[in-house]
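Report on the following structure.
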Amino acid sequence: MRLLIDDVVDLLRFRVKPLGEYQYPRWQTLLFLIALGLVASADTAELGNNLTGRMLFMVLFTLAETLCFASFIGLWLRFAKWDGHGSLFGLVAVASGLQFIEPLTSWLPDDAALAVNAVLSIFGILVLVNALAVVSGIHRLRVALGVLLFAPVAMVLLAGALSLGSAAGWVDLPAGVADAARGGEGSAPTTGI
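Read in order, the letters of the sequence shown correspond to residues 1 to 193 in UniProt numbering.
Below is the structure:
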């Protein structure tokens, strides 16, 4: 586990090893992602008062999103002529390590927290794109395009996860999402024709 944490620090310093170095035992990667999901759940008060449900939701969502992204970006890189041998799952998980400090921004004033979150998000994307570009040998711009193309997939995944989590009673849908899910009934003005 210590090697995994050292690799997070190395990636944050833009030091990337060959892909084979990121092939951790599955239990370590899963434990890392579970911890990441638990930390992320600390910043989800808008999802209701069910703390256990929010924690379970964020852990499962983190695992699903990481697995989907690793598969998607692997296909994208192979489409770009990468002859990849090995899984990107460990690298993608470790490259997400910056998310451990994001909940700390809740201690900042709202405007400062928003700015710091934006900077952390951009830096996290740069770390991920750099790591994927170095291990694959694919141009950074093409890798960045693949990361951006995953955004709609991530939104659909989040919407589906929120629906399932709400149906299971783990989370409450935020007000705007709940209104959109109902189709905005009652919000549209009625006009007589």
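Cβ coordinates follow ideal geometry from the N, Cα and C atoms, glycine included.
Taking buried to mean at least 16 other C-beta atoms within 10 Å of its own C-beta, is D7 buried or exposed?
Residue numbering aside, residue 7 sits at position 7 when the sequence shown is read from its first letter. Here D7 is buried: its Cβ has 16 or more other Cβ atoms, across all protein chains shown, within 10 Å.
So is M155 buried or exposed if we call it buried at 16+ other beta carbons inside 10 Å?
As a working note, residue 155 is residue 155 in the sequence shown. Flag for M155 reads exposed.
Assuming F150 and F72 form a contact by the criterion Cβ under 8 Å, report the distance between their Cβ atoms to the nearest whole angstrom.
Position 150 of the sequence shown, counting from 1, holds the residue named residue 150. Position 72 of the sequence shown, counting from 1, holds the residue named residue 72. Between F72 and F150 the Cβ distance is about 5 Å, and since that is below 8 Å, they are a contact.
DSSP-derived helix/strand/coil call for R13:
Numbered from its first residue, the sequence shown carries residue 13 at position 13. DSSP places R13 in coil when its eight states are reduced to three.
Of the residues V153, E102, L19 and S106, which one's Cα is nearest the Cα of L132?
One-based indexing of the sequence shown puts residue 132 at position 132. In this structure, L19 is the residue among V153, E102, L19 and S106 with its C-alpha nearest to the C-alpha of L132.
Look up N50 in the DSSP assignment and say whether it is helix, strand or coil.
Here residue 50 refers to the residue found at position 50 when the sequence shown is read from its first residue. N50: coil per DSSP, three-state reduction.
Consult DSSP for residue 197 and reduce its assignment to one of helix, strand or coil.
Absent from the model: residue 197. The displayed extent of the chain is 1 to 193, so no value can be given.
Would G86 and R78 be called neighbours here (beta carbons separated by less than 8 Å)?
Position 86 of the sequence shown, counted from the first residue, corresponds to residue 86. Position 78 of the sequence shown, counted from the first residue, corresponds to residue 78. It is not a contact, given that the beta carbons lie outside the stated cut-off.
At which residues does the alpha helix (DSSP H) containing S166 begin and terminate?
One-based indexing of the sequence shown puts residue 166 at position 166. Here the alpha helix (DSSP H) through S166 covers R140 to A167.
Cβ contact check for the stretch 90–98 and the stretch 123–130: 3 or more pairs under 8 Å:
In this structure the stretch 90–98 lies against the stretch 123–130, because at least three pairs of beta carbons, one per stretch, are closer than 8 Å.
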